[in-house]
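Okay, structure first, notes after.
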Amino acid sequence: MENDRKDNINQLPSPESAEPPASGCEATTKKDSRDQLRLCATLLTVRVLTKCQALKTRSHEEWVPHTKHLVSQTVEGLTIPEGFCPDAKHTKKICKAVLRDLRKQFGGRCMLESVILLQDPVVDTVIVKSMQVHIRQQSARLAKKATSQSLWKDILQVSAFSAGLLAALILLAFIP
Numbered sequence: 001m002e003n004d005r006k007d008n009i010n011q012l013p014s015p016e017s018a019e020p021p022a023s024g025c026e027a028t029t030k031k032d033s034r035d036q037l038r039l040c041a042t043l044l045t046v047r048v049l050t051k052c053q054a055l056k057t058r059s060h061e062e063w064v065p066h067t068k069h070l071v072s073q074t075v076e077g078l079t080i081p082e083g084f085c086p087d088a089k090h091t092k093k094i095c096k097a098v099l100r101d102l103r104k105q106f107g108g109r110c111m112l113e114s115v116i117l118l119q120d121p122v123v124d125t126v127i128v129k130s131m132q133v134h135i136r137q138q139s140a141r142l143a144k145k146a147t148s149q150s151l152w153k154d155i156l157q158v159s160a161f162s163a164g165l166l167a168a169l170i171l172l173a174f175i176p
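Note that UniProt numbering numbers the sequence shown so that position 29 is 29, with each residue one more than the last.
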């Protein structure tokens, strides 16, 4: 069993071999984007299950397949706009929103912790839908923020170019 885990770890790409995306954050290919989404969903799922004490009360053999199932269901059918680049801070925000939503739906923290331990398909569906909704909302916010920042960047570039051009024209007017 221990050897299986070591083999799985050895299959992961080393951080040195993984090339960062060209822009530092955005995915350069559709596969990169999909991988980024899957990573976000994995981190979110583990964080939600950890906050619900679901990982402490189960063995490794129980929670790993359940987590993989939830991640696969979350990513399935989920499309994210370009520019979605969740980091730990965004994943934490999404987790808080998901937990708030799930606690509301299941009637509190204790009930949520109990129903998650059941591994019921209906409960899993509710969890997956909540994670999908909040990932979409966060991605829309990030895309809107990226668009807004891009607009301001363009405005500043045009202003700087105009100021430079005006300064050049003034200098040409005063040079005999």
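Cβ coordinates follow ideal geometry from the N, Cα and C atoms, glycine included. Small disclaimer: the values here were computed from a predicted structure and weren't measured.
Assuming residue i and residue j are in contact, meaning their beta carbons sit under 8 Å apart, how far apart are those beta carbons, in whole angstroms?
| i | j | result |
| --- | --- | --- |
| Val-64 | Arg-38 | Between Arg-38 and Val-64 the Cβ distance is about 16 Å, and since that is not below 8 Å, they are no contact. |
| Leu-117 | Thr-57 | 6 Å |
| Ile-80 | Ser-139 | 5 Å |
| Leu-78 | Thr-67 | The pair is not a contact, with the Cβ atoms about 17 Å apart (cut-off 8 Å). |
Which same chain residues, not among the five before or five after residue i, have their C-beta less than 7 Å away from its C-beta?
| i | result |
| --- | --- |
| Ser-23 | Residue confidence for Ser-23 is low, a pLDDT of 36 falling below 50, so the modelled location carries little weight and cannot support an answer. |
| residue 178 | Outside the shown range of the chain (1 to 176) lies residue 178, about which nothing can therefore be said. |
| Val-75 | Leu-37, Arg-38, Ala-41 |
| Leu-99 | Val-48, Lys-51 |
Might you give, ordered along the chain, the residues of its own chain that have their beta carbon closer than 6 Å to the beta carbon of residue i, omitting 5 neighbours on each side?
| i | result |
| --- | --- |
| Val-115 | Phe-106, Val-123 |
| Gln-73 | Val-128 |
| Arg-109 | Arg-103 |
Enumerate in chain order the residues of its own chain whose CB-to-CB distance from residue i is below 8 Å, with the five nearest sequence positions on each side excluded.
| i | result |
| --- | --- |
| Ala-173 | none |
| Ala-167 | none |
| Glu-61 | none |
(message) Under 8 Å, with one C-beta from each stretch per pair, do the region 39-51 and the region 118-132 reach the 3-pair mark?
(response) With three or more CB-CB distances shorter than 8 Å, the region 39-51 counts as touching the region 118-132.
(request) Decide if the region 89-108 is in contact with the region 131-141; the criterion is three or more beta carbon pairs, one per stretch, under 8 Å apart. (result) With a cut-off of 8 Å, the region 131-141 and the region 89-108 count as touching, because enough Cβ pairs lie within range.
(message) I'd like the ranges of any alpha helix (DSSP H) spanning at least 4 consecutive residues and lying wholly in the region 26-60.
(response) 30-51
(request) Go through the region 75-125 residue by residue and report every complete run of the alpha helix (DSSP H) that reaches 4 residues or more, in order. (result) Counting whole runs of 4 or more residues, the region 75-125 contains the alpha helix (DSSP H) stretches 88-106, 109-118.
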